[in-house]
């Protein structure tokens, strides 16, 4: 769908995506998979681009930290950012941003990690005891090295750990205990291998946040008619692709009682008609169901007299109701700003 931005006095709709590395590649692949091709201007050194076929939609290629700042300030409508950065950098995040959808890449956990030599420290409760004993014996608070100052403070407060002080990390956080700069750390990890290589272990209940790349909307951005139209079109494609990925189309020709068979399929497998009538005059049906239930639905249709059943993957499935856009509109209101 193309949009006529010339007829509108609105500023461009801005989609902010990471400017380099694996996150940029993964974001481009995600949007392409949803039928949204990102074009990066004159090449990799151009920090502005477009979504092919969407007039008045601008792609901003900036760093992940800048994306979060742009969203918080209302300078971008949508952005792709790790949830860890969003929740660390934006105070009262739920009042300023809407986390629309996890994107399935950039997985990592923000964790509390202690030296492996602390064999009696396995949980946050153990850490609370150690922190109190450390202060009593040394007259100073235990040091926690981290880049995640706000997440750390909130998490430690929730677990009643007070006898500590934060040492803000500017380099490789996992090396702080070995260097004598801190007693433990809060850091992000994907596999835990780097922690292990530095003789550190995550606490059993020390996962502060399971993060991944997320599509985030700014509540402070200007949400006029064109911005809403652009947002709806983008979210329609994303929702349609996600629905298709989770579904399968099951086709068959059914004997007499076809309507009753389809009703049973709906009850037992959550199957819905692909479009239009459930059954055409010749008994052909096309049903959509959850991917995990497709084989069982096919077996059921064979038991009911179908001679052949086909199961096909879907590219996109568009619905009149889009929960992603509904969630956004609930936050920005029904009327334009």
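In our numbering, the protein residues as written are 5 to 341. Glycine included, each C-beta is placed from N, C-alpha and C at the ideal position.
The Cβ-Cβ distance between residue 107 and residue 219 falls below 7 Å.
The residue from 257, 240, 95 with its alpha-carbon nearest to that of residue 307 is 257. When only Cα atoms are considered, residue 179 and residue 121 end up about 15 Å apart.
About 6 Å separates the CB atoms of residue 114 and residue 152; that is less than 8 Å, so the two are in contact. Between the segment 132-151 and the segment 161-171, the count of C-beta pairs closer than 8 Å reaches three or more; the two stretches touch.
Contact holds between the segment 12-31 and the segment 225-244, because three or more Cβ pairs, one in each stretch, are under 8 Å apart. DSSP places residue 65 outside any alpha helix (DSSP H); the residue lies instead in the beta strand (DSSP E), whose first and last residues are 61-66.
Inclusion of residue 75 and residue 173 in the CB contact set at 7 Å is not warranted, their separation being larger than that value. Ranked by Cα distance from residue 189, the options 195, 176, 197 are led by 176. Taking a C-beta distance under 7 Å as the contact criterion, residue 72 and residue 89 qualify as a contact pair.
Of the candidates 161, 285, 21, the residue whose Cα lies closest to the Cα of residue 128 is 161.
The DSSP-derived three-state label of residue 251 is strand. Residue 181 is a Cβ neighbour of residue 119, given a cutoff of 7 Å. Contact annotation: residue 332 and residue 102 have beta-carbon atoms nearer than 7 Å. According to DSSP, residue 113 shares a beta bridge with 193, 214. Residue burial annotation: residue 264 is exposed, with fewer than 16 other C-beta atoms found within 10 angstroms of its C-beta.
Within the DSSP bridge table, the entry for residue 168 names 146 as partners. The continuous alpha helix (DSSP H) containing residue 267 extends over residues 262-273. Per DSSP, residue 102 lies in no alpha helix (DSSP H) segment; the continuous beta strand (DSSP E) that holds it begins and ends at 101-106. Taking 7 Å as the cut-off, the Cβ atoms of residue 92 and residue 155 count as close. Going by beta carbons, residue 22 and residue 36 fall outside the 7 Å limit. In this structure, the beta-carbon distance from residue 213 to residue 117 does not fall below 7 Å.
DSSP, read as helix, strand or coil, puts residue 201 in helix. Rounded to the nearest angstrom, the Cβ distance from residue 253 to residue 302 is 11 Å, too far for a contact under 8 Å. In the structure shown, residue 16 adopts coil according to DSSP, grouped into three states.
Straight-line measurement puts the Cα of residue 329 at about 20 Å from the Cα of residue 57. Under the criterion of beta carbons closer than 8 Å, residue 318 and residue 248 qualify as touching, at roughly 4 Å. DSSP links residue 276 through a beta bridge to 292. Residue 25: member of the alpha helix (DSSP H) spanning 25-37, first to last residue. Here residue 65 is buried. Its C-beta has 16 or more other C-beta atoms within 10 Å. Proximity to residue 38 across 336, 244, 271 peaks at 244, based on C-alpha coordinates.
Going by DSSP, residue 303 is part of the alpha helix (DSSP H) stretching over 298-307. Residue 84: member of the beta strand (DSSP E) spanning 82-86, first to last residue. Distances from the alpha-carbon of residue 271 to those of 293, 134, 126 put 293 closest. Closest in alpha carbon position to residue 68, among 59, 83, 54, is 83.
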